[in-house]
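Student:
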Amino acid sequence: MVEVAPIVLRSHSLEVTVQKPGIKYNGSRFDWTGWVSSITLHNRHTFCTDESLTPGDGTGGSGLCNEFGIFQPIGYEEALPGRQFPKLGVGLLTRPDEASYKFSRPYMVEPFFIETKADDSKVTFTVHAHRCNGYAAKLVKTLSVKDSLLSIAYELVNLGEKTIVTHEYCHNFVALNGNPLGPDYRLKLPMTHTFSCEPSSPLDFKDGDITWAYTPEQPFYSRLSGPFLPGLQWELTHKSGVGMRESVDFSPGFIALWGDAHVISPEVFMEIAALSGQMIR
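So for the sequence shown, the numbering used here puts the first residue at 215; every next one is plus one.
#1: Considering Lys301, what are the terminal residues of the beta strand (DSSP E) in which it resides?
#2: With H, G and I counted as helix, E and B as strand and the rest as coil, what does DSSP make of Leu278?
#3: Could you tell me the alpha carbon to alpha carbon distance between Glu229 and Ser454, rounded to whole angstroms?
#4: Does the beta-carbon distance from Thr380 to Phe442 come in below 9 angstroms?
#5: Could you check the C-alpha separation between Ile424 and Leu403 for me, to the nearest Å?
#6: Considering only residues of the same chain and omitting the five flanking positions on each side of Ser365, which have a CB-CB separation below 6 angstroms?
#7: Which class does Leu390 belong to by DSSP, given the choice of helix, strand or coil?
#8: Using DSSP's beta-bridge definition, name the partner residues of Thr263.
#9: Figure out for me which residue from Val337, Val456, Ser490 and Arg309 has the closest Cα to the Cα of Val250.
#10: How many angstroms separate the CA atom of Lys376 from the CA atom of Asp361?
#11: What are the boundary residues of the beta strand (DSSP E) that includes Phe557?
#12: Measuring alpha carbon to alpha carbon, tell me which of Ala389, Ile486, Gly277 and Pro433 ends up nearest Asp474.
#13: Classify Arg258 as buried or exposed, calling it buried when 16 or more other Cβ atoms lie within 10 Å of its own Cβ.
#14: Helix, strand or coil for Ser465, going by three-state DSSP, please let me know.
#15: Thinking just about the alpha-carbon of each residue, which of Gly303, Thr330, Leu302 and Gln298 is nearest to the one in Asp311?
#16: Taking the alpha carbon of Leu302 as the point to measure from, which residue in Leu373, His476, Leu450 and Phe387 has its own alpha carbon closest?
#17: Within 10 angstroms of its Cβ, does Val232 collect 16 or more other Cβ (buried), or is it exposed?
#18: Run the CB neighbour count on Arg319, radius 10 Å, all protein chains shown included, and call it buried at 16 or more, exposed below.
#19: Do you know offhand how far Pro480's Cα is from Thr451's?
#20: Report yes if the C-beta distance between Ile469 and Val388 is below 9 angstroms; otherwise report no.
#21: Give every residue of the same chain whose Cβ lies closer than 8 angstroms to the Cβ of Ala293, excluding the five residues on either side of it in the sequence, and list them in chain order.
#22: Can you tell me whether Thr247 is helix, strand or coil according to DSSP?
#23: Given Gly275, which residues of its chain have a CB within under 7 angstroms of its CB, disregarding the five upstream and five downstream residues?
#24: So, at 8 angstroms on beta carbons, what are the nonlocal neighbours of Pro295 in its own chain, with the 5 sequence-adjacent residues on each side left out?
#25: Could you give the residue range of the beta strand (DSSP E) that holds Glu329?
#26: Between the Cα of Glu460 and the Cα atoms of Thr254, Gly467, Trp448 and Ser227, which residue gives the shortest distance?
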């Protein structure tokens, strides 16, 4: 019998619920491993929400879930219609026709074999390599909690003959204590770059601070190009006093910001180029 109960990691401050691969989500977009569906701080503050509050809308995202290759799927252009290409953290996907890859389109999935090892404060997922047209990769992802910190570590090994060129980001579907997005939120970025956004966007960007003039009436998307130094950090706060921050140990290729009335998603992208036999952490 398949164990469907999620994994719960605990520290003195945090309770983090991690879904088991293929149970809550078995689609073709997001990495099946390390899917954080809820985070609770001090038994009262919550941080995660769903991509959409309308059942059936969107691509099934929630909480902290990551994706490889939203714009650069490995091997897609080389695959003929009816043939497979690899989606890291998911499996072998089938290209249905000559159309360009679209992340929101469902693709047939042959899942990778994934091993899971967990204790009270740490869980490790190992995605085993499955060769496809010269591509193969082993992915190891470890999530751990200590005090009020959730750490996520990746190890990607290129076991194929071809170079892996793609990118990865965590799609943070966030709502602080379930509060809707609006003037009470503030997103702090450690730079003074300017986001590219629509003139009608509710975003106001000044000296590294992003605020919202009003609750968005429709989804928005903005993008900030680098270069950025390693150790980039963003911080999201609400006037009620609750907040969260993310820091990374790589040089981001770019940052994207997606959101809707109920959710805000800062996305930090890592560019990946792994030669045959190379390991990237």
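Cβ atoms here follow ideal geometry from the backbone N, Cα and C, with glycine treated the same way.
Tutor: From the atom records:
#1: The count along the sequence shown starts at 1 and reaches residue 301 at position 87. Where Lys301 is concerned, the enclosing beta strand (DSSP E) stretches over Gln298 to Lys301.
#2: Position 64 of the sequence shown holds residue 278. Correct three-state label for Leu278: strand.
#3: To locate residue 229, count along the sequence shown from 1; it is residue 15. To locate residue 454, count along the sequence shown from 1; it is residue 240. Roughly 21 angstroms separates the two Cα atoms.
#4: Residue numbering aside, residue 380 sits at position 166 when the sequence shown is read from its first letter. Residue numbering aside, residue 442 sits at position 228 when the sequence shown is read from its first letter. Cβ atoms of Thr380 and Phe442: not closer than 9 angstroms.
#5: The residue labelled residue 424 in the question sits at position 210 within the sequence shown. The residue labelled residue 403 in the question sits at position 189 within the sequence shown. Ile424 and Leu403: Cα-Cα distance of roughly 8 angstroms.
#6: Here the question's residue 365 lines up with position 151 in the sequence shown. Excluding residues within five positions, the ones whose Cβ falls inside 6 angstroms are Ser358.
#7: The residue you call residue 390 lines up with position 176 of the sequence shown. It is helical.
#8: The count along the sequence shown starts at 1 and reaches residue 263 at position 49. In DSSP, Thr263 forms no bridge with anything.
#9: Numbered from 1 along the sequence shown, position 36 holds the residue referred to as residue 250. For Val250, the nearest C-alpha among the options comes from Val337.
#10: To locate residue 376, count along the sequence shown from 1; it is residue 162. To locate residue 361, count along the sequence shown from 1; it is residue 147. Answer to the nearest angstrom: the Cα atoms are 41 angstroms apart.
#11: Only positions 215 to 495 of the chain appear in the structure, and residue 557 is not among them; the question remains open.
#12: Position 260 of the sequence shown, counted from the start, is the residue given in the question as residue 474. The candidate whose alpha carbon is nearest that of Asp474 is Pro433.
#13: Position 44 of the sequence shown, counted from the first residue, corresponds to residue 258. Answer is exposed; the Cβ neighbour count stays below 16.
#14: Working through the sequence shown from its first residue, we reach residue 465 at position 251. In the structure shown, Ser465 sits in coil (DSSP, three-state: anything other than H, G, I, E or B).
#15: Indexing the sequence shown from 1 puts residue 311 at position 97. It is Gln298 whose Cα lies nearest to the Cα of Asp311.
#16: To locate residue 302, count along the sequence shown from 1; it is residue 88. The residue with the shortest Cα to Cα distance from Leu302 is Leu373.
#17: Within the sequence shown, the letter at position 18 stands for residue 232. Per the 10 Å Cβ criterion, buried.
#18: Residue mapping note: residue 319 aligns to position 105 of the sequence shown, counting from 1. When all chains shown are included, Arg319 counts as exposed.
#19: Along the sequence shown, read from residue 1 onward, the residue named residue 480 stands at position 266. Along the sequence shown, read from residue 1 onward, the residue named residue 451 stands at position 237. When rounded, the distance between both Cα atoms is 13 angstroms.
#20: The residue labelled residue 469 in the question sits at position 255 within the sequence shown. The residue labelled residue 388 in the question sits at position 174 within the sequence shown. The answer is no: Cβ separation not under 9 angstroms.
#21: Stepping through the sequence shown from its first residue, residue 293 is reached at position 79. Once the five neighbours on either side are set aside, the close Cβ partners of Ala293 are Phe299, Arg309 and Asn347.
#22: Translated into positions along the sequence shown, residue 247 becomes position 33. Reduced to three states, the DSSP call for Thr247 is coil.
#23: Looking up residue 275 in the sequence shown gives position 61. Within the same chain, Gly275 has close Cβ partners Phe244, Glu265, His385 and Phe387.
#24: Looking up residue 295 in the sequence shown gives position 81. Around Pro295: Arg309, Pro310, Asp311 and Glu312.
#25: Against the sequence shown, residue 329 aligns to sequence position 115. Start and end: Ile328 to Ala332.
#26: As a working note, residue 460 is residue 246 in the sequence shown. That would be Trp448, whose Cα lies nearest to the Cα of Glu460.
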